[in-house]
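Structure first, commentary second.
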Amino acid sequence: MDWLIVVIEEYKTLRTEKIESMKMQRSILQYGAAAIVIVIIAGLYVWDKPLLSAVVFLFFLPGVVYLLSMMWTDEVARMFRAGSFLSELEKKINSEFVEKDEALSWESWLLKQQNNGKAPRQLVWPHYIAILFLFITISIVSIVLGNFKLRETVSIQ
767 MDWLIVVIEE YKTLRTEKIE SMKMQRSILQ YGAAAIVIVI IAGLYVWDKP
817 LLSAVVFLFF LPGVVYLLSM MWTDEVARMF RAGSFLSELE KKINSEFVEK
867 DEALSWESWL LKQQNNGKAP RQLVWPHYIA ILFLFITISI VSIVLGNFKL
917 RETVSIQ
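The sequence shown begins at 767 in this note's numbering and counts up by one.
Quick look at the structure:
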């Protein structure tokens, strides 16, 4: 089998994996947002039962957020790993065609520093940080609410 055919197949497979990872990230965020809203509604529904609402906000909601954040960051890492490896494959493939323009360049371009001193891939980091910040904020607010309801339980008894 020809080396180039094998490498191109590997490139296609990894490119597909990267695209699937991006789709999975979106799905995790969509279903995760729905799950978070459902747990919040459940906690508010039992708001008049301090112990039950404390359990929801102290354990269930932070647990759901933790699970979602781990799943989402795993997919982000998978996407970046695939992109880095694809960049290396592009270099190998392009080295076979030195007399022509680069045949493949997208992943390499994403990693290449531009005139502004940043690689295009670096420009998306604020989005990822904002999502993680949102997860952390939801957990902190949930724990504060849970503690508030737990204190209410203690003061009732």
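All C-beta atoms, glycine included, are put in the ideal place defined by N, C-alpha and C.
Keep in mind the model is a prediction, meaning the values are calculated, not measured.
Top-ranked residue by Cα proximity to residue i, from the options
i: lysine 784; options: Ser853, Pro892 and Gln879; result: Ser853
i: tryptophan 769; options: Lys858, Phe914 and Leu889; result: Lys858
i: isoleucine 902; options: Lys815, Ser871 and Tyr832; result: Tyr832
i: leucine 911; options: Gln791, Leu818 and Asp840; result: Leu818
i: asparagine 860; options: Ser874, Glu841, Ile904 and Phe826; result: Ser874
i: tryptophan 838; options: Glu776, Ile774 and Glu786; result: Glu786
i: glycine 849; options: Phe863, Leu870, Lys866 and Glu862; result: Leu870
i: phenylalanine 851; options: Val803, Lys866 and Trp872; result: Trp872
i: isoleucine 806; options: His893, Val907, Glu918 and Gln880; result: Val907
i: glutamine 888; options: Lys878, Ala896 and Ile897; result: Lys878
i: arginine 847; options: Val920, Phe823, Met788 and Val822; result: Met788
i: phenylalanine 826; options: Tyr797, Thr919, Ile802 and Pro886; result: Ile802
i: glutamate 775; options: Leu855, Ala885, Gln796 and Val822; result: Leu855
i: alanine 799; options: Ile897, Asp814 and Leu780; result: Ile897
Opening and closing residue of the alpha helix (DSSP H) in which residue i lies
i: lysine 784; result: 769-811
i: glycine 829; result: 827-861
i: glutamate 714; result: Outside the displayed span of the chain (767 to 923) sits residue 714, for which this structure offers no information.
i: proline 816; result: 816-821
Exposure label - residue i; buried when at least 16 CB within 10 Å
i: glycine 883; result: exposed
i: leucine 834; result: buried
i: lysine 778; result: exposed
i: alanine 820; result: buried
i: lysine 915; result: buried
i: glutamine 791; result: buried
i: glycine 829; result: exposed
i: isoleucine 904; result: buried
i: serine 793; result: exposed
i: phenylalanine 863; result: exposed
i: glutamate 865; result: exposed
i: proline 892; result: exposed
Min CB distance residue i to chain D below 8 Å
i: glutamine 796; result: Of the protein chains in the structure, only one exists, and it is not chain D.
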